[in-house]
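Participant: Encoded as structure tokens, here's the structure I'll be asking about.
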Amino acid sequence: MCIFCKIIEGEIPSTTIYEDDVVKCILDLSQAGVGHTLVIPKKHYANVLEIDSDTFGYAMKIAQKIAKALKKTFNCDGVNILNNCGEAAGQTVFHLHIHVIPRFFNDTVDVKWVDNSSKFDPKNFEELKNKIVANL
Ligand code: 5GP
Ligand code: ZN
């Protein structure tokens, strides 16, 4: 059983913010920012590519609910709602979860990426778009 399945079963202790039949929301041990919460579907799905859209949609709805609660609790300047899908994207626990992280100006959370706009010619976007659209 994976670590989050064990948490959901209560075999590993966690601090639960919210729970219903579909999801369990717990405080992340690493607390990237104070209040950092994980929204975890109770059923095991490895990642966002495997989960059905209804369950994922529901988990995102709960992530929004948590984001609003964090805003109210900490009066943060912003909130990141994010998912790491796959090892290359930074996923370390392979049971899908959504991070909800309170953000403040000048905090230590780092979810930035490099601006590559100077390396890409928007003239090529049409071709790029067509490749993606073919797989929708
Ligand atoms: P990922 O890197 O897969 O997107 O995120 C995994 C997250 O799970 C990390 O932020 C890590 O701190 C958190 N985590 C790992 N093990 C545990 C645990 O046993 N309890 C809790 N509450 N969080 C955990
Ligand atoms: Zn699991």
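FYI, our numbering numbers position 14 of the sequence shown as 954, with every residue one higher than the one before it. A virtual CB, placed ideally from N, CA and C, is assigned to each residue, including glycine.
1. Is it buried or exposed, GLY1026, if we count other Cβ atoms within 10 angstroms and call 16 or more buried?
2. Whose CA, out of PHE1065, CYS945, PHE1060, lies closest to the CA of VAL979?
3. Which residue comes first and which comes last in the beta strand (DSSP E) that contains PHE1063?
4. Let me confirm a value: ALA1003 is counted as buried when at least 16 other C-beta atoms fall within 10 Å, else exposed. Which label applies?
5. Would you say the segment 1012–1031 touches the segment 1042–1058, given that touching needs at least three Cβ pairs under 8 angstroms?
6. Quick check: does the Cβ of VAL1033 come within less than 8 angstroms of any heavy atom belonging to the ligand 5GP?
7. How should THR1032 be labelled, buried or exposed, when 16 other C-beta atoms within 10 angstroms of its C-beta is the threshold for buried?
8. What's the gap between the Cα of LYS1069 and the Cα of PRO1062?
Facilitator: Concretely, from the data shown:
1. Taking the first residue of the sequence shown as 1, we reach residue 1026 at position 86. Around the CB of GLY1026, fewer than 16 other CB atoms lie within 10 Å, so the residue is classed as exposed.
2. The count along the sequence shown starts at 1 and reaches residue 979 at position 39. Nearest Cα to VAL979 within the set PHE1065, CYS945, PHE1060: CYS945.
3. Counting from one through the sequence shown, the residue named residue 1063 turns up at place 123. The amino acid at residue 1063 is misidentified as Phe; the sequence shows Lys. In this chain, LYS1063 is not harboured by any beta strand (DSSP E), its DSSP state being neither H nor E.
4. Here residue 1003 refers to the residue found at position 63 when the sequence shown is read from its first residue. ALA1003 sits buried, since 16 or more C-beta atoms from the chains shown fall within 10 Å of its C-beta.
5. The segment 1012–1031 vs the segment 1042–1058: in contact.
6. Residue numbering aside, residue 1033 sits at position 93 when the sequence shown is read from its first letter. True, at least one ligand heavy atom lies under 8 angstroms from that Cβ.
7. As a working note, residue 1032 is residue 92 in the sequence shown. By the C-beta density criterion, THR1032 is exposed, having fewer than 16 other C-beta atoms within 10 angstroms.
8. Mapped onto the sequence shown, residue 1069 falls at position 129. Mapped onto the sequence shown, residue 1062 falls at position 122. Cα to Cα, the separation comes out at about 11 angstroms.
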